[in-house]
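Be aware that the sequence shown starts at 286, since it is given in this note's numbering, and climbs by one per residue. Reviewing the structure listed below.
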Amino acid sequence: MKKFIVSLVIIITGLFVADRIGGVGMNWVSAHTNDVLSPKLRYLHQDIHEDVVLMGASRCHHHYLPSILSKTLGMSVYNAGVGGSNNIFSHYMVLRHILARHTPKIICLEVMPTDYCQQTDTFNALSLFAPLFGYNEAADSVYHLAGNYYQYHISHLYRYNAKVSSNLLGLVLNRQVGNDNGYIPLPKPNPFPKELTTEETKNDIDSLKIRYIQRFADLCHERQIKLIFMVSPKFTIVDPAHYNKLKDIAKKNGIPFLDYHSCGLYHDHPDYFKDSSHLWDKGARIFSQTFANDLKDTIEQNRPRNPIYPKTQP
Numbered sequence: 286m287k288k289f290i291v292s293l294v295i296i297i298t299g300l301f302v303a304d305r306i307g308g309v310g311m312n313w314v315s316a317h318t319n320d321v322l323s324p325k326l327r328y329l330h331q332d333i334h335e336d337v338v339l340m341g342a343s344r345c346h347h348h349y350l351p352s353i354l355s356k357t358l359g360m361s362v363y364n365a366g367v368g369g370s371n372n373i374f375s376h377y378m379v380l381r382h383i384l385a386r387h388t389p390k391i392i393c394l395e396v397m398p399t400d401y402c403q404q405t406d407t408f409n410a411l412s413l414f415a416p417l418f419g420y421n422e423a424a425d426s427v428y429h430l431a432g433n434y435y436q437y438h439i440s441h442l443y444r445y446n447a448k449v450s451s452n453l454l455g456l457v458l459n460r461q462v463g464n465d466n467g468y469i470p471l472p473k474p475n476p477f478p479k480e481l482t483t484e485e486t487k488n489d490i491d492s493l494k495i496r497y498i499q500r501f502a503d504l505c506h507e508r509q510i511k512l513i514f515m516v517s518p519k520f521t522i523v524d525p526a527h528y529n530k531l532k533d534i535a536k537k538n539g540i541p542f543l544d545y546h547s548c549g550l551y552h553d554h555p556d557y558f559k560d561s562s563h564l565w566d567k568g569a570r571i572f573s574q575t576f577a578n579d580l581k582d583t584i585e586q587n588r589p590r591n592p593i594y595p596k597t598q599p
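Right under this line is the structure:
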């Protein structure tokens with residue numbers, strides 16, 4: 286029995302030491318890699334300082350060029366969108382990390398139905414932000430909801446599990462080519478999307494997500510940050526009521542809502558789209574100028590909060 290206990294202690298000690306050494310190693314990799322995500326996480330944690338911060342998932346990441354917005358607004362802009370961060374829980378964590386260091390003047394959040402609808406993998410995307418675990422308790426609290434807070438607390442190596450191969454590849458390949466203050470362009474597709482499809486309107490509300498959207502809005506209000514919701518173009522058709530739940534929340538909180546999807550913006554230009562959900566670089570540049578003009582007018586309160594565009598653009 287004594288021999289067994291000694292062996293068990295040795296094994297546990299060995300695992301603990303291996304975990305800590307591995308954690309230190311992966312922390313170094315994360316601090317030096319040029320993969321798609323890690324440089325952005327480093328920037329959010331250490332250096333963010335811009336007046337306007339854009340937030341959301343991949344549709345934010347690939348649709349908004351800070352250089353175009355900055356020129357129109359006369360303010361510094363950073364695109365903090367994170368591809369794969371598929372709902373409000375991820376956005377709330379990013380906001381907490383930003384506010385720990387900096388208070389922007391304006392935050393623009395790209396919203397989607399997944400921000401309020403039920404999902405089978407609700408917390409799956411949180412692993413993307415695990416390398417920042419331990420730096421911000423308010424952000425880390427979301428891991429309690431996900432049920433993996435103590436795994437990340439105990440194991441330092443486990444925090445890097447989601448992006449090991451990508452981080453290592455980023456040590457030898459620079460995947461930040463074309464980076465415009467957080468924006469990374471999507472390449473021209475071959476072929477372009479051909480037919481418009483109809484997107485179902487979902488009404489399976491997740492009440493916990495609704496509470497976190499409200500928390501997001503409350504944090505911005507407390508810091509006197511002007512919050513704006515937006516939905517960039519998609520090559521799909523939706524019911525006019527598709528975003529009503531999000532628009533109701535926006536109206537309740539006095540948040541401008543810029544909806545470019547429901548009105549069918551660029552449906553006559555499939556050549557702007559990478560796929561049904563994303564613009565490629567050409568479309569993103571054209572849209573960024575449209576959004577920049579609307580955002581400027583919205584900030585100055587010279588335009589209604591829900592712009593209506595004809596489906597055919599000049």
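Glycine included, every Cβ here is placed at the ideal spot set by N, Cα and C.
Scanning the stretch 438-489 for uninterrupted alpha helix (DSSP H) segments of 4 residues or longer gives 449-454, listed from N- to C-terminal end. Judged by beta-carbon spacing, Leu394 lies within the 8 Å limit of Gly341, meaning their Cβ atoms are closer than that value.
Separation of Gln404 and Lys487 (C-alpha to C-alpha, rounded to the nearest whole angstrom) is 11 Å. Taking a cut-off of 8 Å for Cβ pairs, the stretch 542-555 and the stretch 509-521 touch, as three or more such pairs fall below it.
Its Cα nearest to that of Leu504, the residue Val379 stands out among Val379, Gly368 and Val449. In this structure, Val396 keeps its C-beta atom at 8 Å or more from the C-beta atom of Ser361. Only exposed fits Met286, as fewer than 16 other CB atoms lie within 10 angstroms of its CB. Glu585 carries a coil assignment under DSSP once its states are collapsed to helix, strand and coil. Scanning its chain for C-beta atoms nearer than 7 Å, with the 5 sequence neighbours on each side dropped, one finds around Val314 the residues Asn452, Leu453 and Leu456, in chain order. When DSSP states are grouped into helix, strand and coil, Cys548 belongs to the coil group. Under the DSSP assignment, Leu322 falls outside any alpha helix (DSSP H); it carries neither an H nor an E label. The C-beta of Thr483 has fewer than 16 other C-beta atoms within 10 Å across all chains shown, which makes the residue exposed. Here Lys511 is bridged, per DSSP, to Ile391. Comparing alpha carbon positions, the residue from Ile333, Arg460, Asp400 and Asp566 closest to Tyr497 is Asp400.
Arg386 is not a Cβ neighbour of His563, given a cutoff of 8 Å.
By the C-beta density criterion, Ser412 is buried, having at least 16 other C-beta atoms within 10 angstroms.
For the stretch 290-373, the full-length beta strand (DSSP E) segments reaching 3 residues or more read 337-340 and 362-364 along the chain.
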